[in-house]
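Peer 1: The C-terminal residue of the sequence shown carries number 1319 in the numbering used here, and the numbering is unbroken.
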Amino acid sequence: MNDFKDKVVYQIYPKSFMDSNGDGFGDLKGVTAKLDYLADLGVDYLWLTPFFPSPQRDNGYDVADYRAVDPRYGTMEDLEELIREADRRGIGLMLDMVFNHTSTGHEWFKKALAGDKKYQDYYIFKNGTPDNLPTNWVSKFGGPAWQYVPQLGKWYLHLFDVTQADLNWENPAVREEMADILRFWKAKGIKGFRFDVVNLISKPEVYEDDFAGDGRRFYTDGRNVHKYLKELVAAGGIDGMITVGEMSSTTLENCIGYTAEGNHELTMCFNFHHLKVDYKDGQKWELMEPDYLAMKKLFQTWQEGMQAHGGWNALFWCNHDQPRAVSRFGSDTT
986 MNDFKDKVVY QIYPKSFMDS NGDGFGDLKG VTAKLDYLAD LGVDYLWLTP FFPSPQRDNG
1046 YDVADYRAVD PRYGTMEDLE ELIREADRRG IGLMLDMVFN HTSTGHEWFK KALAGDKKYQ
1106 DYYIFKNGTP DNLPTNWVSK FGGPAWQYVP QLGKWYLHLF DVTQADLNWE NPAVREEMAD
1166 ILRFWKAKGI KGFRFDVVNL ISKPEVYEDD FAGDGRRFYT DGRNVHKYLK ELVAAGGIDG
1226 MITVGEMSST TLENCIGYTA EGNHELTMCF NFHHLKVDYK DGQKWELMEP DYLAMKKLFQ
1286 TWQEGMQAHG GWNALFWCNH DQPRAVSRFG SDTT
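Shown next as structure tokens:
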């Protein structure tokens, strides 16, 4: 499965990459216009961050429809042209799939709010009263990880923004929906997938307060996540494709499990430990001078550990969530 170790993956953030029509917003035609340049760079795959319909509360990571193109980026025909033209140059397209949660603007969530029991089970709703949260977990965007819905008398879980409702992966119907989405895009000619915060999809059997942290220890690298990934890869028909999992607060041991070839889960992992070496007191927005020795040690530990046990660690220094490496670890003036 891991036949991609000599491949170059280039991330494109479409809204700021290239504007083809002068409306001030990057688009898919803009990406197509730059394919010759990207081919000259030696790029093998283009990872496109989400271009699906979205309210843009989290820059497209709040997906309202997994099978369509947001009009601000263009049309499905524009995407199909991009796929064809990239393929003609030996470049495959990778899509960014946000499967831990959907936008509250998604039709599934709208139906859930309207009282449809089927779609309420697509999400994580808990009965309760306005003054009694199901747990004391904290959202990664700040504040409680639960939002109350008065007309239902229920709370729903959102590990991220309040408009990003977590999906219930315990429900087989949800898992089949996700696999069908992959099949849809594979049929369109997509050659790989990046899965956003995919190690958070398996939630605990019992929801309890966390008096020692923010709740992440109960849902990170959860009890069924390996089972769900194996099922997704098999049912989605993507076992031979390049795949990467963004792993939030994970461990080396878990990443080996996610990427070991015989496990048939993912081909590689993103972890962020090496990008925390300039966090003051562990806080992302409180900066200090980078600890370069710590960075080197982290690179060495992860690379040697993954290789020794058949795993694969993606090599990267920045993405859409991180400052540019030259500015952060080097100098803009030299």
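Every residue gets a Cβ at the ideal spot worked out from N, C-alpha and C, and that includes glycine.
DSSP beta-bridge partners for TRP1032?
Peer 2: Answer is GLN996 and MET1079.
Peer 1: Rounded C-beta distance between GLY1177 and GLY1045? I'm assuming under 8 Å.
Peer 2: Incorrect: roughly 18 Å between the Cβ atoms, too far for contact.
Peer 1: Report the CB separation of LEU1013 from LEU1023 in whole angstroms; it is logged as a contact under 8 Å.
Peer 2: Wrong, their Cβ atoms sit about 14 Å apart, outside the cutoff.
Peer 1: Is ALA1150 helix, strand or coil when you go by DSSP?
Peer 2: ALA1150: strand per DSSP, three-state reduction.
Peer 1: For a test of the three-state rule: what should DSSP assign to LYS1125, helix, strand or coil?
Peer 2: Coil.
Peer 1: GLN1268: buried (16+ other C-beta within 10 angstroms of its C-beta) or exposed?
Peer 2: That one is exposed.
Peer 1: When the Cα of GLN929 is compared with those of SER1124, GLY1138, GLY1059 and THR1060, which residue comes out closest?
Peer 2: Any answer about residue 929 is impossible in this case: the structure gives the chain only from 986 up to 1319.
Peer 1: Please list the terminal residues of the continuous beta strand (DSSP E) segment that includes TRP1140.
Peer 2: Its beta strand (DSSP E) spans residues 1139-1142.
Peer 1: What is the rounded straight-line gap between the Cα of ALA1049 and the Cα of TYR1264?
Peer 2: Roughly 33 Å separates the two Cα atoms.
Peer 1: Can you tell me the Cβ-Cβ gap for TRP1122 and GLY1009, rounded? I've got them flagged as a contact below 8 Å.
Peer 2: About 38 Å; that fails the 8 Å criterion.
Peer 1: Would ASP1151 and HIS1086 qualify as a contact pair, given that the criterion is a beta-carbon distance under 7 Å?
Peer 2: It is a contact, given that the beta carbons lie within the stated cut-off.
Peer 1: So, are the CB atoms of TYR1108 and TYR1141 less than 7 Å apart?
Peer 2: Against a cut-off of 7 Å, the Cβ pair of TYR1141 and TYR1108 comes out as a contact.
Peer 1: What does a CB cutoff of less than 7 Å around ASP1317 pick up in its chain, not counting 5 residues either side in sequence?
Peer 2: The answer, listed in chain order, is VAL1311.
Peer 1: Taking one C-beta from the region 1230-1248 and one from the region 1168-1177 each time, how about it: are there three or more such pairs within less than 8 Å?
Peer 2: The region 1230-1248 vs the region 1168-1177: no contact.
Peer 1: DSSP on ILE1241, reduced to helix/strand/coil?
Peer 2: The answer is helix: DSSP assigns ILE1241 an H, G or I state.
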